[in-house]
Amino acid sequence: MPYPFSPLTSAIKDKITAAVTPGSVITENHALKIYTGDASKLHCTPEMVICPHSVADVQRVIQLANSYNFPVTPRGAGSGLAGGCLADHAGVVLSTERLTEIPVIDPVNGIIKVQAGVISQDVKSAAEAGGLYYPPDPAGMDLSTIGGNAATDAGGPACVKYGTTRDYILGLEAVLPNGKCIATGVQTRKGVVGYDLTNLLVGSEGTLGIITSLWLRLIPKPPAIIGLMCVFSDMASAMNSVTAIMASGHLPCAIEFLDHKCISLIGEMLPFALPGTTPSILIIELDGPENQIKQELSTIEQLLQRQGAAAIIPATNQQQRQEIWNVRRQVSLRIHDYANVYIPEDVAVPISAIAQLIDALPVYEKKYSVEIFAFGHAGDGNIHLSVTAKDSDNRDNAESAVKDLLALSLKLNGTISGEHGIGLAKKRYLPMELSPTSIALQQSIKKLFDANNILNPGKVFPDQPETTTT
Ligand SMILES: Cc1cc2nc3c(=O)[nH]c(=O)nc-3n(C[C@H](O)[C@H](O)[C@H](O)COP(=O)(O)OP(=O)(O)OC[C@H]3O[C@@H](n4cnc5c(N)ncnc54)[C@H](O)[C@@H]3O)c2cc1C
2 MPYPFSPLTS AIKDKITAAV TPGSVITENH ALKIYTGDAS KLHCTPEMVI
52 CPHSVADVQR VIQLANSYNF PVTPRGAGSG LAGGCLADHA GVVLSTERLT
102 EIPVIDPVNG IIKVQAGVIS QDVKSAAEAG GLYYPPDPAG MDLSTIGGNA
152 ATDAGGPACV KYGTTRDYIL GLEAVLPNGK CIATGVQTRK GVVGYDLTNL
202 LVGSEGTLGI ITSLWLRLIP KPPAIIGLMC VFSDMASAMN SVTAIMASGH
252 LPCAIEFLDH KCISLIGEML PFALPGTTPS ILIIELDGPE NQIKQELSTI
302 EQLLQRQGAA AIIPATNQQQ RQEIWNVRRQ VSLRIHDYAN VYIPEDVAVP
352 ISAIAQLIDA LPVYEKKYSV EIFAFGHAGD GNIHLSVTAK DSDNRDNAES
402 AVKDLLALSL KLNGTISGEH GIGLAKKRYL PMELSPTSIA LQQSIKKLFD
452 ANNILNPGKV FPDQPETTTT
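Residue numbering for the sequence shown follows our numbering, beginning at 2 and increasing consecutively.
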């Protein structure tokens, strides 16, 4: 057995219960069920769920895990799409849902300190209440926690202009797998002392430490934001528009796209007739001083018309923007519910290669009898490819389609995950992108942090004998 953990006996459960603040242990069966899944549609059942009230609670659970050899899986809101927060080896799921304080908002220095369980949208709102702006905007931000965003380095539509969660994390506090607390990074705009442990923990998917708090960098809030939705009769014109916009010297804060299969799921929400049989949609937003972005929007509209746009719907007030984003949001939800087999991939390719990737989809659909929905962040090449099959028996075929799609993305100089991470769902594909030397080095880092392998075991690295350095 690669992970010989001890089962949680009732004696060990009693010790855990006694060690944490009363009310931290979830016992009701219906409540426990929530912690068996996330948005990946994968499921694993933990033996116990703890929602610590304090960092000391987290430390005590980790200390007991080392003493009694049980695994601990950190969990934020369970909105992850890679199964990262699932208890692959049972044991304890440790949810940060009660670590929800925002102890510092400092507008003078443009920083905010938040506990890991704060919902990401609440971080944005708190920053705005302080007159500032926290740009990352993962589409699930009304569900996800800021700790989960940090652990997966979540991106979002605004990434094209503002970057990912990582770009706003100045420092963090975490409980390490040996039970010790660590504070990394700085509370200043700069800091180069020692190795960058902050950026090692960010994106480590809960395998190197349980993040308990974050120091985030805020920026001035852009004074205005406007946008549009634009429909084309084909994907090539939409993608040519994206490259043309990016080459034009304008930098929108979102360029999202939907392919014709996604459009077929939300057609009734659209305010225009659809041109052709394979239409595609772009959603574009610009932020900045009002006069400037109005001018930029008008230039971009002309550019879109030159590329053959069939209709352009402007969104110059909050309500119009909301309506457009509702369309975009509905797409992920409807694909999720569309078929029995649902594998959400999120490759990223250079924006000049998006069209080539999308063009290849019908070939894989036919080869593997699956349906592939393509949408996402065209501005940074991060394409969500949801591979679906109505028939549960077609899961193996869907997995083969996924493997081919990942291989194609790598061939196009892309990556197998732009923002969702590897978790449980994609760990078998890690060697497609990383060399044996890179995997071996990363496994050594994991061992250095977590000698007993108690923190989120079974994630990120493929289930196979450890790779030797070449
Ligand atoms: C509708 C929808 C839209 C989405 N849109 C986007 C998007 O635009 N961009 C994007 O990047 N993602 C998106 N996601 C995926 C998801 O929301 C992100 O991955 C998010 O960052 C996960 O946060 P969470 O709190 O739900 O974490 P969870 O799902 O609970 O956990 C995710 C991973 O982080 C680890 N983790 C969680 N909290 C901690 C912690 N405090 N310390 C250490 N490890 C921790 C877990 O162990 C797990 O490996 C979307 C999901 C949905 C359902």
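All C-beta atoms, glycine included, are put in the ideal place defined by N, C-alpha and C.
Beta-carbon spacing of residue i, residue j below 9 Å
i, j, result
"M128", "L9", "A small fix is needed here, since residue 128 is Ala in this sequence, not Met. No."
"Y134", "P221", "yes"
"L202", "V124", "no"
"K391", "V342", "yes"
"P75", "I212", "yes"
"I455", "P72", "yes"
"R335", "I284", "no"
"A78", "C45", "no"
"F273", "V232", "yes"
"E48", "K14", "yes"
"E257", "F376", "yes"
"Y365", "D405", "yes"
"E473", "S387", "No answer is possible for residue 473: the residues shown for the chain start at 2 and end at 471."
"V56", "C182", "yes"
Buried versus exposed, by CB contacts within 10 Å (16 or more), residue i
i, result
"S7", "exposed"
"R190", "exposed"
"D397", "exposed"
"T469", "Only weak support exists for where T469 lies, its pLDDT of 41 falling under 50; the value from the coordinates is given anyway. When all chains shown are included, T469 counts as exposed."
"G195", "exposed"
"P466", "At P466, the pLDDT of 49 sits below 50, so the modelled position is not reliable; the number obtained from the coordinates is stated separately. P466 comes out exposed."
"I103", "buried"
"I120", "buried"
"V115", "buried"
"T438", "exposed"
"D451", "buried"
Distance between beta carbons of residue j and residue i, contact taken as under 8 Å
i, j, result
"D138", "G157", "4 Å"
"K427", "A155", "Wrong, their Cβ atoms sit about 16 Å apart, outside the cutoff."
"L33", "V59", "So it is not a contact: roughly 20 Å between Cβ atoms."
"I170", "L215", "6 Å"
Residue i, enclosing alpha helix (DSSP H) - first and last residue
i, result
"S540", "Nothing about residue 540 can be read from this structure; the chain reaches only from 2 to 471."
"R61", "56 to 69"
"Q323", "319 to 339"
"E286", "It is not in any alpha helix (DSSP H) - E286 instead sits in the beta strand (DSSP E) that spans 281 to 289."
"Q443", "437 to 450"
"G148", "147 to 153"
Residue range of the unbroken beta strand (DSSP E) whose run includes residue i
i, result
"N457", "Per DSSP, N457 belongs to no beta strand (DSSP E) and is neither H nor E."
"T74", "73 to 76"
"M49", "49 to 51"
"R218", "211 to 218"
Residue i beta carbon near ligand 1 (any heavy atom closer than 8 Å)
i, result
"A40", "yes"
"E434", "no"
"A184", "no"
"G156", "yes"
"P75", "yes"
"K412", "no"
"A152", "yes"
"H421", "yes"
"E206", "yes"
"L283", "no"
"T213", "yes"
"T37", "no"
"P463", "no"
"N327", "no"
"A78", "yes"
"L82", "yes"
"T97", "yes"
"C263", "no"
"K460", "yes"
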